[in-house]
Amino acid sequence: MDKKEILRLKRIATNIRKNILRATCAAGSGHPGGSLSIADIMTYLYFKEMNIDPKDPRNPDRDRFVMSKGHCAPVLYATLAERGFFPKEDLITLRKTTSYLEGHPNMKSTPGVDMSTGSLAQGLSTAVGMALAGKLDGKNYRVFVGMGDGELEEGLVWEAAMAAAHYKLDNLICFVDYNGLQIDGKITEVMNPEPIADKFTAFGWYVQSIDAHDFNQIEQAVENAKKQKGRPNMIVAHSIKGKGVSFMENQPGWHGVAPKPEECERGLAELDAYLASLDAEEQAL
Amino acid sequence: MANIATRQAYGEALAEFGADERIVVLDADLSKSTKTDLFKKKYPERHFNMGIAEAGMMCTAAGLASCGKIVFASSFAVFAAGRAFEMIRNSICYPNFNVKIGATHAGISVGEDGASHQAIEDIALMRSLPNMSIISPCDAVSTRFAVKAAIEKEGPVYLRFGRLAVPQIYDENATFEFGKGVLLRDGTDVTIIANGLMVQYALEAAKILEEQDISARVIDIHTIKPIDRDIILKAAKETGCIVTAEEHSVVGGLGSAVAEVVCSEYPVPVKMVGIQDQFGKSGNPYELLKMYGLTAENIAAKAIEAMQML
Chain P
1 MDKKEILRLK RIATNIRKNI LRATCAAGSG HPGGSLSIAD IMTYLYFKEM
51 NIDPKDPRNP DRDRFVMSKG HCAPVLYATL AERGFFPKED LITLRKTTSY
101 LEGHPNMKST PGVDMSTGSL AQGLSTAVGM ALAGKLDGKN YRVFVGMGDG
151 ELEEGLVWEA AMAAAHYKLD NLICFVDYNG LQIDGKITEV MNPEPIADKF
201 TAFGWYVQSI DAHDFNQIEQ AVENAKKQKG RPNMIVAHSI KGKGVSFMEN
251 QPGWHGVAPK PEECERGLAE LDAYLASLDA EEQAL
Chain Y
1 MANIATRQAY GEALAEFGAD ERIVVLDADL SKSTKTDLFK KKYPERHFNM
51 GIAEAGMMCT AAGLASCGKI VFASSFAVFA AGRAFEMIRN SICYPNFNVK
101 IGATHAGISV GEDGASHQAI EDIALMRSLP NMSIISPCDA VSTRFAVKAA
151 IEKEGPVYLR FGRLAVPQIY DENATFEFGK GVLLRDGTDV TIIANGLMVQ
201 YALEAAKILE EQDISARVID IHTIKPIDRD IILKAAKETG CIVTAEEHSV
251 VGGLGSAVAE VVCSEYPVPV KMVGIQDQFG KSGNPYELLK MYGLTAENIA
301 AKAIEAMQML
């Protein structure tokens, strides 16, 4: 990927991050931490990788994305709006009774949402069904999944992991957003799911580990995954919870707490300063 | 006519209607017992064993349905409705997917396997879920209808089948309507409303009552949800009292569903024959049915009690 392309993606990801702050702040609740940590992966998938059309969100041949960690709806909505599935102005209606943007993704109400999620691990398991349907119908779409690291504590993950390998679902590409934190603290202290990569390898998956905030690494991992035959793909993406907003980074407290208006303004100012630095970088090219 | 278990008729109906390429069948290592192996023999490419993993099976079914498939996911009722309840709630009913749950081995007539395997609360669980429909057929003929109705009905459907071979209640040419009860026998003094295995005993109970000059109406409510309010209210108005008979807990099952209808629109006495808020146990199925009062004699006795309340 050339520098200009990386700058384009960084700019989009930063705008998505800004809308995560705005939406959760307006809602007064929601999950900014894990939304910010997976924002670069979402940007890559929706703006570089996936075969999707905002004007035809139910096309049977499209690539699918399942937000298995459904509490990170804010990043999914911000990404979909940025991509043109619905107006960005609507993002601040998040979690309101009059809104189509539910606290957790509802495919029936929100254009572009491929699966209703919110109960952890069910997203990965439904993605297994989507990938199986693709194989059955001889279609060449891919099913992408965004998971949390704490989510790996759910037993259903391992039922799905077994099934995906058993049915050789190489059209399934899953990311674990490995930010190391869950609501009650460090994942290694709450209920250690390590060694994550070894576990999925043992279950028969092709596993790669990357930096979740490096677009070149994301691209390389997805390209490697697309070449795999007969094995599902797990990309363990090492990330920073709250990425991009200094006072939210690596703080478990920001898992499920919305920024207050003054905190939102501080965060937006930081992200705007980052956008300005990207402009400067572009001019220097 | 030989007795046939509804689970056997389920497998046969799946095989019969299986030519529809949208149909995909999932099982959780019980395909020889749930009889989905009959579908597998004809359409092996559309039958997937998910292993002993009912939660994963239900979510996989949801994913397949999201891609246009009509999915039948089968296991024993206790695991299908019980273990995978929250997957059915969040991944199947909430998005209103075309997943049909073929739940076999329901009720205490599972017999010797005992309480751990006897689902007596599955209807209560499934009835509480928005978008879910429930059909509990009583014989092979109505089972064939139930499978066909499930294929045609948009959205999730819970199909409840038994392990035990049961007599044929309906003529081969009988017609059914989804959501409509069947008047099996007319009567004026009391109405017996039953489903599943208990329909045969409801008809026997009507004969016992006839010997005592009591005219009992018998209705088969094969579709518990949506329930046929009209046939129930008509019975309440015309016979004045009701007995329900089900192979399920009286908490939240057919009896509760009937009581909900009459108490809100035309209150009449409702007596409930069913499992009285307790677990089953191991034993011969017919001995268990007697032990828990799931008999024609008990239905007849409750009918008289209901009449005495008037």
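First to last, the sequence lines map onto chains P and Y.
1 is the number of the first residue of the first sequence in the UniProt record's numbering; add one for each residue after it.
1 is the number of the first residue of the second sequence in the UniProt record's numbering; add one for each residue after it.
Beta carbons: idealized from backbone N, C-alpha and C, even for Gly.
Task: Cβ-Cβ separation, Y292 of chain Y to I108 of chain Y (assumed contact under 8 angstroms), whole Å - done: 6 angstroms
TODO: Return the chain-ordered list of same chain residues with a C-beta closer than 7 angstroms to the C-beta of V268 of chain Y, the five sequence neighbours on each side being excluded.
DONE: A236, G240, C241, I242 and V262
- [ ] Excluding the 5 residues preceding and the 5 following D170 of chain P in the sequence, name in chain order all residues of the same chain whose CB lies nearer than 6 angstroms to its CB.
- [x] Q228, K229, G230 and R231
Task: G274 of chain Y, enclosing beta strand (DSSP E) - first and last residue - done: V270 to I275
Task: Proximity winner among Y:A150, Y:N131, Y:R127 and Y:L30, relative to M57 of chain Y (alpha-carbon distances) - done: Of the candidates Y:A150, Y:N131, Y:R127 and Y:L30, the one whose C-alpha sits nearest the C-alpha of M57 of chain Y is Y:L30.
Open item on the list: 8 angstroms is my cut-off, CB to CB: does E260 of chain Y come that close to chain P?
Closed with: Taking Cβ atoms only, chain P never reaches closer than 8 angstroms to E260 of chain Y, which makes this a no.
Task: Assigned secondary structure, E102 of chain P (DSSP; H/G/I helix, E/B strand, else coil) - done: coil
Task: Residues that DSSP places opposite V157 of chain Y in a beta bridge - done: For V157 of chain Y, which the question treats as bridged, DSSP gives the partners Y:K100 and Y:S133.
- [ ] Could you please give the first and the last residue of the uninterrupted alpha helix (DSSP H) stretch that includes N224 of chain P?
- [x] From DSSP, the alpha helix (DSSP H) with N224 of chain P extends over F215 to K227.
Task: Residue closest to I92 of chain Y, alpha-carbon to alpha-carbon, out of Y:A140, Y:V78 and Y:T60 - done: Y:T60
Open item on the list: Quick check on this structure: which residue in Y:G280, Y:E86 and Y:H248 has the alpha carbon closest to the alpha carbon of A55 of chain Y?
Closed with: The closest CA to that of A55 of chain Y, considering only Y:G280, Y:E86 and Y:H248, is found on Y:E86.
Open item on the list: Under 8 angstroms, Cβ to Cβ, is there at least one residue of chain P near C67 of chain Y?
Closed with: yes
Task: Contacts of N55 of chain Y in chain P (Cβ-Cβ under 7 angstroms) - done: The amino acid occupying residue 55 of chain Y in the given sequence is Ala; Asn does not appear at that position. For a Cβ distance threshold of 7 angstroms, residue set L156 and E159 of chain P lies close to A55 of chain Y, ordered along the chain.
Open item on the list: Can you give me the C-alpha to C-alpha distance between V66 of chain P and L120 of chain P, rounded to a whole angstrom?
Closed with: 12 angstroms
- [ ] Compute the distance between the beta-carbons of D40 of chain P and A73 of chain P, then report whether it is under 8 angstroms.
- [x] no
- [ ] With a threshold of 16 other CB atoms inside 10 Å of the CB of A212 of chain P, please say whether the residue is buried or exposed.
- [x] buried
- [ ] Using a Cβ-Cβ cut-off of 8 angstroms, state whether residue 379 of chain Y counts as contacting chain P.
- [x] It is not possible to answer for residue 379 of chain Y, since the shown part of chain Y is limited to 1 through 310.
- [ ] May I ask you to report which of helix, strand or coil DSSP gives G134 of chain P?
- [x] helix
Task: Close-in-space but distant-in-sequence residues of the same chain around P130 of chain Y (CB under 7 angstroms, 5 per side omitted) - done: Cβ-Cβ distances below 7 angstroms link P130 of chain Y to C93 in the same chain, with the five nearest sequence neighbours on each side left out; the list follows chain order.
Task: Proximal residues of chain Y, C-beta to C-beta of L132 of chain P below 8 angstroms - done: Near L132 of chain P (Cβ distances below 8 angstroms), the residues of chain Y are F48, T60, G63 and L64.
- [ ] Give a yes or no on contact between the stretch 249-256 of chain Y and the stretch 140-150 of chain Y, applying the rule of three or more CB pairs nearer than 8 angstroms.
- [x] no
Open item on the list: Just to check my reading of the structure: A9 of chain Y and K42 of chain Y have Cβ atoms closer than 8 angstroms, yes? What is that Cβ distance to the nearest angstrom?
Closed with: Actually they do not touch by this definition, with Cβ atoms about 16 angstroms apart.
Task: Contact set for V157 of chain P: own chain, Cβ-Cβ below 7 angstroms, skip 5 residues either direction - done: A121, L124 and E151
Open item on the list: Quick check on the burial criterion: 16 or more other C-beta atoms within 10 angstroms. Buried or exposed for Q118 of chain Y?
Closed with: Answer is buried; the Cβ neighbour count reaches 16.
Task: Helix, strand or coil at N140 of chain P [DSSP, three-state] - done: coil
Task: Given 8 angstroms, three or more beta-carbon pairs between the stretch 253-268 of chain P and the stretch 20-28 of chain P - done: yes
Open item on the list: Taking a contact to mean a Cβ-Cβ separation below 8 angstroms, would you say M50 of chain Y touches A28 of chain Y in this structure?
Closed with: yes
TODO: Anything in the stretch 28-48 of chain Y with a Cβ closer than 8 angstroms to a Cβ of chain P? List those residues in chain order, please.
DONE: E45, R46 and F48
- [ ] Go through its chain and collect everything with a Cβ distance to K271 of chain Y's Cβ below 6 angstroms, but skip five positions before and after it.
- [x] V243, K302, E305 and A306
Task: Contact set between the stretch 129-161 of chain Y and chain P, restricted to residues whose Cβ is under 7 angstroms from the partner - done: none
TODO: Quick one: list the residues of chain Y neighbouring A163 of chain P, beta-carbon separation under 8 angstroms, in chain order.
DONE: M50, G51, A53, G56 and T60
Open item on the list: At the level of alpha carbons, what is the spacing between V245 of chain P and I275 of chain Y?
Closed with: Roughly 59 angstroms between the two C-alpha positions.
- [ ] Would you identify the three-state DSSP class for I208 of chain Y, choosing helix, strand or coil?
- [x] Helix at I208 of chain Y.
- [ ] Could you list the residues in the stretch 4-25 of chain P with a C-beta less than 8 angstroms from some C-beta on chain Y, going in chain order?
- [x] none
TODO: Pull up the distance between the alpha-carbon of L285 of chain P and that of D279 of chain P, whole angstroms please.
DONE: 10 angstroms
Open item on the list: Strictly below 9 angstroms CB to CB, what residues from chain Y border G118 of chain P?
Closed with: N90 and Y94
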